[in-house]
Each structure stands twice: as structure tokens, then as C-alpha cells.
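Residue numbers (the UniProt record's numbering): 1 to 262.
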Amino acid sequence: MSNSLNINPMSLEGRTVIVTGAGQGIGRAIADLVVALGGNAVIADMNSETLAKAESDYPEGRYLGVAADISDADAVQSLVDSAVEKFGAVHGLVNNAGITRPAMMNKLTLEQWNQVISVHLTGAFLCSQAVGRHMIERAQAGDANPGSIVNISSDAGVQGTIGQVNYATAKAGIIGMTMSTAREWAKYSIRANCVAFGVVETPMTETVRSEKFADTYLSRIPLGRWSSPEEAARPVCFLLSDAAAYITGQRISANGGMQMAG
Ligand code: NAD
């Protein structure tokens, strides 16, 4: 067998990836897969309890947990500084942290609107800017592979949703942010892509998956089942890795076929 058959193009060996909102759910599965693929995971979450629990699950020296609210610019800068201090560089960022504040549009409060926009959009912008500045510095110093940014969107941002105009708007905005990031930073070989999920089995989707709604939702998913957090993590790690070296500015819909685009 030639050497080229032995390589794993999805290897993240020696790469350090910040995953926001990774104390639980999809983010936690992404951080687990980053480490399984040989990388170091920096988990940022505002819930310090889940961070503390995660620590013992990772191999010594391959994990850093940082309690941070990613909508706070100072907290984000200190997150990136701690990651660089511990691991020397940051090669990947997954903008995953998210919240929902559902209400029909005519009843949605300004506070509910602002909360969702601030975590998903401002948070992703602040993290991308802080990590991007660090990656640009490395690119200018001669690093030909400075990094990859993966933003997490949703079917809601592609086709709209009922009762979550704040969330759908934020997730559509994430797609625009991804394309602008990709266009601005391609000259540094920094890639930016996004993954839009359908329904993943996490605490965020307990209502959708409840007895009352499950059949209706499942009937709209050609694959006929929910996604597990573990399978949601795979396209994200693909985009972080060199397997996606020529892919930037794109959206992968990992949704069981719930929404299809030509
Ligand atoms: P989750 O609620 O299980 O986890 C979200 C995590 O984000 C939590 O650990 C929470 O503490 C953290 N978080 C929230 N606000 C934060 C902040 N300001 N700063 C730092 N951390 C913060 O959610 P999930 O289902 O794992 O979703 C992860 C991402 O995937 C979100 O962006 C979500 O919108 C998106 N998504 C999820 C689904 C799904 O079906 N679960 C579908 C489409 C998109």
C-alpha cells in the first residue's frame, strides 16, 4: 500500500480548535471529535458546571475549558489569548453557541429579539474577529495553513420558521457572515464555511421531538429520523480539516434531506 493510502485527510493532529457553546449538545460532540481526530479542544461555554464535568473526559494536555459569554468582547479576547497561551496557536473556530427565545412575531419582545441576535450573530462576529486577527498574523508571518472557521446555521435560516423570527434571522445572518468572512480572508488562506442542521437530538430540540410534534416533523425528513450530535459533528470536522482545503464560503445542510437546494 502506498503512503498516500495511509493518510487520514480529516486528521486534526497538532491543530487547536475553539468550539463555543461546547459544554453540552452538538458543541460537545464536535469537541470530542476534534480530540478523537488528534486535535486539541478549547471549549468555551457560559455554563461552568458542564465545563468542569468535561475536564476529566479528555486526555491530559489536550483540553482547555474557558467560562465565557461569547457576546462579551473582552471575554472573547481573553478566551483567544488563553487558547494561544496554552497551545501556541489556534487553527480552528466553531461558532456553535446558541440559544432560543421562541414567541410568535406579534408577541416577541425586544429583549427576546436582542438576546438571540446577540448570542448568535454578535457572538459569532466577535469570535471570528478575534480568532481571525490571530490567524491573519500567522498568515503574514508565513503560515500557509492558518486556519478554518465553521459557523453553525440551521434550516430555520434557509427556509424560515414559525415562532422564532429572531432565531431564523440570526441563522440567515450567519450564512451571510460566512460568505463575507470567506471572501475577505481567502487571501490569507483562511477558510470559512457553515453547516446548517435540521433537528439534532439535544436539549434545544426537546419540544420539537416531544410526542405532540414528533410525527409532524419526522414526516418532513426524508431520512425519517433525527440527527445524533455525533453525526452532526462530522461535517463540521470535515470543514475544519485539510480534507476541505479547497472549500470556502459554502453551506453544508446536514438535515436528513428536510430542505434541499439545487
Ligand atoms: P444546546 O442548547 O444543547 O447547547 C448550547 C450551548 O451554548 C450550551 O452549552 C449553552 O450554555 C451555550 N451558550 C449559550 N449562550 C452562550 C453564550 N452567550 N456564551 C457561551 N456559551 C453559550 O444547543 P445545541 O442543540 O447543541 O445547538 C448548538 C448549535 O447548533 C446552536 O447554534 C444551534 O442554534 C444550532 N442548531 C441546533 C439544532 C438542533 O437541532 N439542536 C438545529 C440547527 C441548528
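Just so it is clear, CB atoms sit at the ideal spot from N, CA and C, and this is done for glycine as well.
If you check the beta carbons only, do residue i and residue j fall under 8 Å apart?
i, j, result
"proline 203", "glycine 163", "no"
"isoleucine 152", "glycine 198", "no"
"asparagine 96", "isoleucine 43", "no"
"arginine 234", "alanine 196", "no"
"methionine 135", "glycine 147", "yes"
"glycine 257", "isoleucine 221", "yes"
"glutamine 159", "glutamine 259", "yes"
"asparagine 193", "valine 165", "no"
Among residues of its own chain, excluding the 5 on either side of residue i, which ones have a beta-carbon nearer than 6 Å to its beta-carbon?
i, result
"tyrosine 63", "Ala41"
"arginine 209", "none"
"serine 48", "Ala67"
"isoleucine 117", "Ala170"
"histidine 91", "Arg15, Thr16, Gly147"
Mapping the DSSP letters down to three states, classify residue i as helix, strand or coil.
i, result
"alanine 43", "Note that residue 43 corresponds to isoleucine in the displayed sequence, not to alanine. In the structure shown, isoleucine 43 sits in a strand (DSSP, three-state: E or B)."
"asparagine 95", "strand"
"isoleucine 117", "helix"
"isoleucine 110", "First, the residue type needs correcting, since residue 110 is leucine and not isoleucine in the sequence shown. In the structure shown, leucine 110 sits in a helix (DSSP, three-state: H, G or I)."
"alanine 67", "strand"
"glycine 38", "coil"
"isoleucine 252", "strand"
"serine 241", "coil"
Count the other CB atoms within 10 Å of the CB of residue i; is the residue buried (16 or more) or exposed (fewer)?
i, result
"glycine 224", "exposed"
"threonine 109", "exposed"
"arginine 133", "exposed"
"threonine 16", "buried"
"alanine 170", "buried"
"asparagine 106", "exposed"
"arginine 191", "buried"
"aspartate 57", "exposed"
"methionine 177", "buried"
"glycine 262", "exposed"
Closer than 8 Å by C-beta to residue i: which residues in its own chain qualify, once you throw out the five before and the five after it? Chain order, please.
i, result
"leucine 37", "Asn8, Met10, Ser11, Leu12, Glu13, Cys237, Ser241"
With a CB to CB cut of under 7 Å and the five nearest residues on each side skipped, what residues in its chain are close to residue i?
i, result
"serine 82", "Leu64, Val66"
"lysine 86", "Leu64"
"alanine 31", "Val19, Ala22, Ala41, Ile43"
Going by the C-beta, is residue i closer than 7 Å to any heavy atom of ligand 3?
i, result
"alanine 214", "As for ligand 3, it is missing from this structure, which binds only ligand 1."
(message) To test your reading of the DSSP string, which unbroken alpha helix (DSSP H) runs of 4 or more residues are found completely within the stretch 152–214?
(response) Taking only runs of at least 4 residues, the alpha helix (DSSP H) segments lying wholly in the stretch 152–214 are 156–159, 165–185.
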